[in-house]
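**Q**
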């Protein structure tokens, strides 16, 4: 009899606990220093950001947003003017945020969500890395450091960031923080490149628990696709037979620019022409692309032309190509493109230098030698 009563009591407590769980998440808090400022709640999902709700804050700065529970963790962000604070609602029903208008997104107090606190530290580390990379680029452009030092600095910064994010992922690959860390970007590029044999392991580590706990969600399907495509493309690229063509003249290329205009290599030749094959998502792409821009800035008026081929996906290509002053075209076939075989490319980036007749005079040489070769061609 006592056992029956105990059993009924346990069932009652469980039911009471279940019923007490609300069907909504709530994000509330206070932002000091505001006066009729608008605070936005935005949903963050698969590369797009959507405004869910907004509130005009009164002088007391209090706010409260509620939204339905989701099957999987719900990534959102609060935006106040230029300040942004990322949060994740998963098992926690209420998250409280205390901040200031002047430092919103930089020095916030988060209560009720340990995952959101970790996400905040990730955002701050990424922002710090971005500032250091921008400072390094500025030093290089002002002649304070040479190209080799600039490349080493930026590459080291990316490696340190990647190590930091990798630790966050492997701390608990099942957590909402792991997924958030996986998709961080620097200079518009994903830190983890799914076509890199080491980076794809990180994607796979996050994909596995998602497949178990949220098998039918769009987020899971997306990361599954990324892992499978990354592994297959890398395998196909490694299986390609290659041949040397240096000194034998170029083989023409004709691909579309970000504006959708077909541009051929033959129509882009100058007195000296750099033909560059790049994957903007790769670790050293940022420094490499900055160096190309600097060469173009110095020598374009003297006859240098740059024809850059991107093997990235549409989203990355469109973002980066719009920012570059020279010709950038897109090979939609990615890392299985026949161009990789045709031009004997096994690593990216790969650079060729052509003379005005289109003969290949250099390939993957150091920057000082490349610049020296460009100067010699332009003097002819």
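In the numbering used here, the protein residues as written are 34 to 413.
Ideal placement from N, C-alpha and C gives every residue a C-beta, glycine not left out.
Quick caveat, the model's predicted, so the values are computed rather than measured.
Kindly provide the ranges of any alpha helix (DSSP H) runs that are 4 or more residues long and lie completely inside the stretch 162-249, ordered along the chain.
**A** 180-204, 209-215, 232-246
**Q** Among the residues of its own chain, which have a CB less than 8 Å from the CB of residue 348, if the five just before and after it don't count?
**A** 80
**Q** Can you tell me where the alpha helix (DSSP H) holding residue 479 begins and where it ends?
**A** Nothing about residue 479 can be reported from this structure: the residues present for the chain run from 34 to 413 only.
**Q** Tell me whether the stretch 308-315 and the stretch 211-228 touch, counting them as touching only if at least three CB pairs, one residue from each stretch, are closer than 8 Å.
**A** yes
**Q** In angstroms with no decimal places, state the Cα-to-Cα distance between residue 191 and residue 218.
**A** 10 Å
**Q** I think residue 169 touches residue 145, with their Cβ atoms under 8 Å apart; what is that distance to the nearest whole Å?
**A** The pair is not a contact, with the Cβ atoms about 38 Å apart (cut-off 8 Å).
**Q** Please name the residue, chosen from 308, 406, 353, 356, that lies closest to residue 338 on a Cα-to-Cα basis.
**A** 308
**Q** Buried or exposed: residue 402, going by 16 or more other Cβ atoms within 10 Å of its Cβ?
**A** exposed
**Q** With a threshold of 8 Å, are at least 3 pairs of Cβ atoms found where one atom belongs to the stretch 293-300 and the other to the stretch 366-376?
**A** Verdict: no, contact absent.
**Q** Measure the C-alpha to C-alpha separation of residue 212 and residue 142 and round it to an integer number of angstroms.
**A** One C-alpha to the other measures close to 22 Å.
**Q** Using a 10 Å radius around the Cβ and a threshold of 16 neighbouring Cβ atoms, would you call residue 75 buried or exposed?
**A** buried
**Q** Taking one C-beta from the stretch 87-99 and one from the stretch 56-64 each time, how about it: are there three or more such pairs within less than 8 Å?
**A** At 8 Å Cβ cutoff, the stretches touch.
**Q** Starting from residue 97, trace the beta strand (DSSP E) in both directions and tell me its first and last residue.
**A** 95-101
**Q** Closest to residue 120 by CA distance: which of 113, 153, 135, 328 is it?
**A** 153
**Q** Nearest by alpha-carbon distance to residue 379: which of 393, 397, 386, 389 is it?
**A** 397
**Q** Compare the Cα-Cα distances from residue 126 to each of 99, 134, 136, 133 and report the closest residue.
**A** Out of 99, 134, 136, 133, 99 has the C-alpha closest to the C-alpha of residue 126.
**Q** What distance in whole Å lies between the Cβ atoms of residue 408 and residue 358, which are believed to be in contact at a cut-off of 8 Å?
**A** Incorrect: roughly 20 Å between the Cβ atoms, too far for contact.
**Q** Please classify residue 413: does DSSP put it in a helix, a strand, or coil?
**A** coil
**Q** Check each candidate in 122, 202, 247, 132 and name the one with the smallest Cα separation from residue 232.
**A** 202
**Q** Pull the bridge partners of residue 88 from the DSSP assignment, please.
**A** Answer is 72, bridged to residue 88.
**Q** For the candidate residues 214, 167, 412, whose alpha-carbon lies nearest to that of residue 196?
**A** 214
**Q** Within the stretch 372-397, note down every full beta strand (DSSP E) run reaching 3 residues or more, in order along the chain.
**A** 383-388, 393-396
**Q** Look at residue 333 and residue 291 and say whether their C-beta atoms are less than 7 Å apart.
**A** no
**Q** Less than 7 Å between C-beta atoms, sequence neighbours within five positions excluded: which residues of the same chain meet that for residue 112?
**A** 73, 75
**Q** Inspect the beta-carbon positions of residue 319 and residue 187 and report whether they are closer than 7 Å.
**A** In this structure, residue 187 lies closer than 7 Å to residue 319 by Cβ.
**Q** Nearest-angstrom Cα distance between residue 208 and residue 109?
**A** Just so you know, the alpha carbons of residue 208 and residue 109 end up roughly 16 Å apart.
**Q** Below 8 Å on the Cβ atoms is my contact criterion, and I expect residue 411 with residue 388 to pass it. Report the Cβ-Cβ distance as a whole number of Å.
**A** Actually they are not in contact, since the Cβ atoms of residue 411 and residue 388 sit about 10 Å apart, beyond 8 Å.
**Q** So which of 386, 124, 303, 156 has the shortest CA-CA distance to residue 137?
**A** Closest by alpha carbon: 156.
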